[in-house]
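Scroll down for the structure; my scribbles are underneath it.
Numbering (my numbering), first residue to last: 509 to 1333.
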């Protein structure tokens, strides 16, 4: 058997090796075939075929040898491959050989392939044919041959694009002409509803293809899915020759798109003056309104196309149509300040006093522009000089920018003090806008200098608010009253001080401003200046007798207010102290600057950032550390409550009384315990307790309810804090005013176990004779009740009503506890 098997294996190996070698040789010869085709080397192609290359082999891109050969107009290789039985209609993903030849314009190859049976109407999955490929790339000779040999002229791609559409898109005039002569349908539309004419209007700036299509009967008034028509497309692309051709052939000039715009609207929007004028002269409807209500005339005026606008008017446009914003031609013409245009509109009977939706008239627009000649012209033609807009402003208020117009206006015996609906007079508007020349004219002509608006502000108050030094100077020169108040009780001085306008503050004081006046919050100019950090202004006020210790309605001094500002400018705090402010002054709630600073924080995400620099300055300045507010709270208590360890330590170092009690009898230690939460780590919590105890905090001091800080720790059920306080001599059996021990203050088994372990009196009763066991049953906490029973709680003890714990359990139906009681007894 072994002798037979060995020769068989040798034979099998030899056969396999030969087959593998043959396969390698075949691949090599196929590669040689494609190499010869690429190099257009007929001898190499012949050699490859004679050496066994597969004439229908495909390269790595899946393309056949014949397909690759049709790239070039080399009929010798094509003929050789066909003579050697190459599949003439072989289908690659990019098409057949005749499609490839047609796309590349290889006429001889197309002819030879067709002669030998190639199907010229084969199409790809996309619908592309040889004719469409040739038309797209403008190969007219190939197109002509294909048409003469039966190519389907109106074959469509999956996008419904035809050879004619592709030729028009490619701007191939001769191909378009040839296709049309052969009966191509010019009105076939793509899936986007585009025709050959529509695409030609976009691509063909010369208009030649458009002319061919129109002459062949192409529909001119079609619209694609975007509502574009050939005319609109031509206008958008500035193809004036195409526009002329379409107009000459009778295109609908007034076809509207999805925005209700006509070709004329589009031309004006594109600022295509020549096309616009061509459409106007050709009879385009001049009064069609788009979706915004604008006519071509309104659009022309908005785009400042003056000549186009004049042309539209001369061709009979309705000059009184307004858009949906109420803009009308005459007002828009006044905005662009063209007298000839305005004159033309008036001649065409434009309504001279027509208003827009804001109540603005043409005369107001002219006033804003400041053209005296146009202003006069409008007045001469009946413009109403007394008209008001929807805000109550007169023409006069709109004219204030130009002193010449103001003078002209005043000649018409108008009300110089007319106020709009906000109470603003022309004088106020001039002051607000820094119209210096106008301001003087108004003042010289009797304008009320102290008139008030709806906020009770005068021109002086407003000017001082915005730091308008020159305006303030002029108003003061004309004797404006300096101590008038706005609706918040603020004077010009208070506003200038608040914003730090030192020069204006000086001017106001020199003109008699009362520095002691308070606003509705009781703020003086000095408090406002200091709180806003304006030292230079504060100095001016102090030099002129301002009371550094003035208080507002809340009893706050400048020091309190400065600390309360978000800017927290430490240098201002130091400045006020150096100037001698009462550092320990209390506001109406008894809060001092130090107490306020002790709670000064900002949240950054989950972190609290403390601003201890201010407290440091106050302590350095001699602030008393143990002063209490109206609730008896000290700075130390606030700092402890905020877990501000650095400040707690700083206050203790400055001899703060660690056992000072507030009105509820609580100390800083209470605050430290009561403010613990899930957001405060146990480490910080314990460190604060350690710090307070280190400085002598009495751990067993009681508040007004008889509770100790330890009571609060148990109530919060913080195991680490409880253990810490017990380790530091907390009285575990201390009772509050109700006679309760801390065992009454918890419902957490872990805490109860700890207290029992540390020796709490398990049977200590409160004033009503209730024991912790009774309390646990009453609170429906059977787990703790069970633990207390197992820990030796006296089940026979009676409360003041003579009830035992068992009686309470029976009354509440606690069967499991009753069983325990029976076992215990």
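All C-beta atoms, glycine included, are put in the ideal place defined by N, C-alpha and C.
Spatial distance of residue i from residue j (CA atoms)
i, j, result
"residue 608", "residue 720", "29 Å"
"residue 1042", "residue 947", "30 Å"
"residue 1025", "residue 1062", "16 Å"
"residue 754", "residue 790", "11 Å"
"residue 1262", "residue 1103", "38 Å"
"residue 554", "residue 602", "26 Å"
"residue 638", "residue 796", "47 Å"
"residue 1290", "residue 1320", "11 Å"
"residue 550", "residue 561", "14 Å"
"residue 739", "residue 788", "14 Å"
"residue 1245", "residue 1214", "5 Å"
"residue 672", "residue 727", "14 Å"
"residue 1190", "residue 1033", "47 Å"
"residue 1098", "residue 1139", "8 Å"
"residue 1078", "residue 1209", "37 Å"
"residue 1067", "residue 945", "43 Å"
"residue 1334", "residue 949", "Since the displayed the chain opens at 509 and closes at 1333, residue 1334 lies outside it and no answer follows."
"residue 1069", "residue 932", "33 Å"
"residue 663", "residue 545", "32 Å"
"residue 845", "residue 1046", "50 Å"
Strand pairing of residue i, partner residues [DSSP]
i, result
"residue 1306", "1312"
"residue 902", "896"
"residue 603", "600"
"residue 572", "566"
For residue i, three-class secondary structure by DSSP
i, result
"residue 1070", "helix"
"residue 715", "coil"
"residue 1082", "helix"
"residue 525", "With a pLDDT of only 38 at residue 525, under the threshold of 50, the placement of this residue in the model should not be trusted; the figure read from the coordinates follows. Of the three classes helix, strand and coil, the one that applies to residue 525 here is helix, per DSSP."
"residue 1109", "strand"
"residue 1165", "coil"
"residue 978", "helix"
"residue 566", "strand"
"residue 1018", "helix"
"residue 558", "helix"
"residue 1253", "helix"
"residue 631", "coil"
"residue 1114", "Interpretation of residue 1114 is limited by its pLDDT of 49, a score under 50 that renders its predicted location unreliable; the figure taken from the coordinates is listed afterwards. Note: residue 1114 maps to coil in three-state DSSP."
"residue 685", "helix"
"residue 1041", "coil"
"residue 539", "helix"
With 16 other Cβ atoms within 10 Å as the buried cut-off, status of residue i
i, result
"residue 611", "buried"
"residue 531", "Reliability fails at residue 531, whose pLDDT of 45 lies under 50, so the model's placement of it is uncertain and the value that follows must be treated cautiously. Flag for residue 531 reads exposed."
"residue 866", "exposed"
"residue 890", "exposed"
"residue 1237", "exposed"
"residue 920", "exposed"
"residue 777", "buried"
"residue 1179", "buried"
"residue 1299", "exposed"
"residue 1095", "buried"
Spatial neighbours of residue i in its chain, beta-carbon cut-off 7 Å, leaving aside the 5 residues before and after
i, result
"residue 650", "610, 613, 615, 618 and 642"
"residue 773", "798, 804 and 807"
"residue 666", "634 and 635"
"residue 995", "963 and 964"
"residue 702", "732"
"residue 760", "729"
"residue 840", "806, 809 and 810"
Own chain, CB closer than 6 Å to residue i, minus 5 neighbours either side, in chain order
i, result
"residue 1004", "972, 1012 and 1013"
"residue 529", "Summary for residue 529: the model assigns pLDDT 43, below 50, so the residue's position carries little reliability, and this model does not support an answer."
"residue 669", "698"
"residue 855", "none"
"residue 912", "880"
"residue 896", "902"
"residue 1059", "1065"
"residue 1255", "1289"
"residue 871", "886, 891 and 903"
Contact with chain B by residue i, beta-carbon distance below 8 Å
i, result
"residue 598", "Absent from the structure: chain B. Only one protein chain is present."
Residues near residue i in its chain [Cβ-Cβ closer than 8 Å; skip 5 each side]
i, result
"residue 654", "610, 618, 628, 638, 639 and 642"
"residue 1044", "1008 and 1010"
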